[in-house]
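Note that my numbering gives residue 374 to position 364 of the sequence shown, counting from 1, and the numbers run on in steps of one.
Glycine is no exception: its CB is placed at the ideal position from the N, C-alpha and C atoms.
What follows is a set of notes on a single structure, which appears directly below.
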Amino acid sequence: MPERPSAAPVLLLSGARLPDGRTVDVRIGGPRIEEVGAAGSLTSPGTRLDLRGYLLLPAPAEPHAHPGTALTAMAQDPPSRRPEDVRRRATEAALLQLSHGATAVRAHVRVGGVQGLGPLEGVLAARRSLRGLTELTAVAVPPVLTGAAGADGLAALRDAVRMGAGVIGGRPDLDPDPAGHTEAVLELAAAHGRPVDLHTDGADPAALARLAALAGGFRPGVCLSPCAGLSRLPYEEAARTADRLAAAAVTVVCLPQGACPCAGLRGTPPVRLLRSAGVRVAAGSGALRDRTNPVGRGDPLEAAYLLASQEGLSPEQAYDTVSGAARTALGLPGVRVEAGSPAELLAVRGDGLAGALSLAYSRIVVHRGRVAARTSAVREYRDSGAAASALDLPRQGRSDSGPGGGP
């Protein structure tokens, strides 16, 4: 049993169902799982949470969010870039995503140009205020990095790293010299030991091949997103490109819920082709109710649902894109429901993963061993009399409904 810090609270999750069908108790001490046993076998002096009727899963992570522009779809004017306004939006967006289950978020933030470093300042302030609830990491995304105009972008990137940006971003498709842009990002990231996250459509296989060659073997890792242009290539060309990306060990982050506000890119790459070539594929949310996508939800389970329903992944494969693969893309340790694993968990009402991806309204989120968010949904129907009783249909309703029923 892992040793628990003396002051760490104890949380017992009882009667939870796992995807393999087992029903278990899970005892958590501090940020890690202490013990997993058969349902009813564990006791604890701390808080007990009854999870009968819930499916227990590793918590999702959000690898591609834009909290600085989130929740601005209804604004009449362009969204404010003032740090205090960005902080408010970023905090609200991160809490919304936490309620869906994401206990870690990678936030892409534009730096340089007319907005300067104000949006980054706001996101970093949100990160500090959210500590203990969710992990927020900022990606500094610059404008042009090459030629005469590139000096300002490089200066903004360096300043962003000094301020606390944890990831170096880039938009090579928008630079007159895409290869030079990528080289500049990789050089700065290597100097500071930061991972890299690049926006690219991936529609130009030659450009993507050069990018993969430059990024091949880079540590601590390179993510490319959303790469939707790969789906517009002929199959043979897309397959060759997928092989190059696999050889370079880059991660492709797709955005099945909508567009990317940083580059106006929309669509989903051929995820099955990429996975079959050995490319790690994670899924993010992209735009969240902004002018690029006014109806975004920022829900990892919806992203997984879309990949299962539209891209042909199994429920298990689809959920991995928002959990295991997403955590790996963010440089986070893997999560399993076993002793010693990080206590980053999501409980959703339902018996199996396919059902959870379809109708996961009620959710309980555990971050660092504590319940960080809870969402409860109750579905009620008007009493239909003997027919419902004869069918023995499951239902939720009030116990105080009068004759004739009805909520």
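Q | Simplified DSSP assignment, three categories, for Pro55 | A | Taking the sequence shown and counting its residues from 1, the one referred to as residue 55 is at position 45. Coil at Pro55, not helix or strand.
Q) Does the beta-carbon of Thr53 have 16 or more other beta-carbons within 10 angstroms, so that it is buried, or is it exposed? A) Position 43 of the sequence shown holds residue 53. Counting Cβ neighbours within 10 Å, Thr53 comes out exposed, since fewer than 16 surround it.
Q. In chain order, which continuous runs of the alpha helix (DSSP H) of length 4 or greater are located wholly inside the stretch 157-240?
A. 160-173, 188-202 and 215-225
Q: With DSSP collapsed to three states, give me the class of Tyr64.
A: Here the question's residue 64 lines up with position 54 in the sequence shown. Three-state result, Tyr64: strand.
Q) At what residues does the alpha helix (DSSP H) containing His110 begin and finish? A) In the sequence shown, counting from the first residue as 1, residue 110 sits at position 100. Where His110 is concerned, the enclosing alpha helix (DSSP H) stretches over Pro93 to His110.
**Q.** For Leu356: DSSP bridge partner residues
**A.** Counted from its first residue, the sequence shown places residue 356 at position 346. The partner list for Leu356 (beta bridge, DSSP) reads Leu67 and Val375.
Q) When the Cβ atoms of the stretch 302-315 are set against those of the stretch 247-256, are three or more pairs found closer than 8 Å? A) no
Q: Taking the CB atoms as reference points, tell me whether Ala382 and Tyr64 lie closer together than 7 Å.
A: Numbered from 1 along the sequence shown, position 372 holds the residue referred to as residue 382. Numbered from 1 along the sequence shown, position 54 holds the residue referred to as residue 64. Not in contact: Ala382 and Tyr64 (Cβ atoms no closer than 7 Å).
Q. Run through DSSP, which three-state label would Val36 get?
A. By one-based count along the sequence shown, residue 36 stands at place 26. The answer is strand: DSSP assigns Val36 an E or B state.
Q. Cβ of Thr113 within 7 Å of Cβ of Thr147?
A. As a first step, residue 113 is located in the sequence shown; it is residue number 103 there, counting from the start. As a first step, residue 147 is located in the sequence shown; it is residue number 137 there, counting from the start. No, the pair does not count as a contact, with Cβ atoms beyond the cut-off.
Q.
According to DSSP, simplified to helix, strand and coil, what is Ala463?
A. Residue 463 falls outside the range modelled here, since the chain spans only 11 to 417, and no answer is possible.
(Q) Quick check on DSSP: helix, strand or coil for Ala5? (A) This structure leaves residue 5 out entirely; the chain is present only between 11 and 417.
Q) Are Leu234 and Val206 close, meaning C-beta to C-beta below 7 Å? A) Counting from one through the sequence shown, the residue named residue 234 turns up at place 224. Counting from one through the sequence shown, the residue named residue 206 turns up at place 196. Against a cut-off of 7 Å, the Cβ pair of Val206 and Leu234 comes out as no contact.
(Q) Measuring only the C-alpha atoms, how far is Pro244 from Ala293? (A) For the purposes of this step, residue 244 is taken as residue 234 along the sequence shown, with counting starting at 1. For the purposes of this step, residue 293 is taken as residue 283 along the sequence shown, with counting starting at 1. Cα to Cα, Pro244 sits roughly 23 Å from Ala293.
Q.
Distance check for Gly78 and Ala166, CA to CA, integer angstroms please.
A. Looking up residue 166 in the sequence shown gives position 156. Looking up residue 78 in the sequence shown gives position 68. Near 17 Å, if we compare the C-alpha coordinates of Gly78 and Ala166.
Q | As assigned by DSSP and simplified to three states, the class of Val124 | A | For the purposes of this step, residue 124 is taken as the residue at position 114 of the sequence shown. Note: Val124 maps to helix in three-state DSSP.
Q. By Cβ distance, which residues of its chain are closer than 6 Å to Leu23, with the 5 residues on each side in sequence left out?
A. Indexing the sequence shown from 1 puts residue 23 at position 13. Contacts found: Val36, Leu59 and Leu61.
**Q.** Option in Ala238, Asp330, Leu184 and Glu390 with minimal Cα separation from Pro266
**A.** Looking up residue 266 in the sequence shown gives position 256. Checking every option, the nearest Cα to that of Pro266 belongs to Ala238.
Q. Straight-line CA distance for Leu355 to Thr156?
A. By one-based count along the sequence shown, residue 355 stands at place 345. By one-based count along the sequence shown, residue 156 stands at place 146. Going from the Cα of Leu355 to the Cα of Thr156 covers about 43 Å.
Q) Taking C-beta to C-beta, are Ala297 and Pro325 nearer than 7 Å? A) Sequence index remark: in the sequence shown, residue 297 carries index 287 (1-based). Sequence index remark: in the sequence shown, residue 325 carries index 315 (1-based). Cβ atoms of Ala297 and Pro325: not closer than 7 Å.
Q | Minimum C-alpha distance to Glu94 - residue among Ala48, Gly39, Leu134 and Ala75 | A | Taking the first residue of the sequence shown as position 1, residue 94 is located at position 84. Nearest of Ala48, Gly39, Leu134 and Ala75 to Glu94, Cα basis: Leu134.
Q) Alpha carbon to alpha carbon, what distance is there between Val345 and Tyr329? A) The residue you call residue 329 lines up with position 319 of the sequence shown. The residue you call residue 345 lines up with position 335 of the sequence shown. The alpha-carbon atoms of Tyr329 and Val345 are separated by roughly 13 Å.
Q) Residue range of the alpha helix (DSSP H) that Ala248 falls in? A) As a working mapping, residue 248 is identified with position 238 in the sequence shown. First-last of the alpha helix (DSSP H) with Ala248: Tyr245 to Ala258.
**Q.** Cross-strand partners of Gly296 (DSSP beta bridge)
**A.** Your numbering for residue 296 matches position 286 in the sequence shown. Answer is Ala75.
**Q.** Pro343 versus Arg242, Arg42 and His74, residue with shortest Cα-Cα distance
**A.** Numbered from its first residue, the sequence shown carries residue 343 at position 333. Ranking Arg242, Arg42 and His74 by Cα distance to Pro343 puts Arg42 first.
Q. Which residues in the same chain have their Cβ closer than 8 Å to the Cβ of Ser386, if we skip the five residues on either side of it in sequence?
A. Taking the sequence shown and counting its residues from 1, the one referred to as residue 386 is at position 376. The residues are Ser372.
Q: State the Cα-Cα distance for the pair Phe228 and Leu196, rounded to the nearest angstrom.
A: Mapped onto the sequence shown, residue 228 falls at position 218. Mapped onto the sequence shown, residue 196 falls at position 186. In a straight line, the C-alpha of Phe228 is about 8 Å away from that of Leu196.
(Q) Could you pull the DSSP bridge partners for Gly47 from this structure? (A) Numbered from 1 along the sequence shown, position 37 holds the residue referred to as residue 47. Beta-bridge pairing links Gly47 to Asp35.
**Q.** 7 Å Cβ cutoff met for Pro271 and Ala248
**A.** Mapped onto the sequence shown, residue 271 falls at position 261. Mapped onto the sequence shown, residue 248 falls at position 238. No; because the gap between Cβ atoms is not below 7 Å, this pair is not in contact.
Q | For Gly341, the nearest candidate out of Arg389, Val177 and Leu369 (CA to CA) | A | In the sequence shown, the residue the question calls residue 341 occupies position 331. Of the listed residues, the one whose Cα sits closest to Gly341 is Val177.
Q.
Please report the straight-line C-alpha distance between Ala434 and Gly277, rounded to a whole angstrom.
A. Given a span of 11 to 417 for the chain in the structure shown, any question on residue 434 remains unanswerable.
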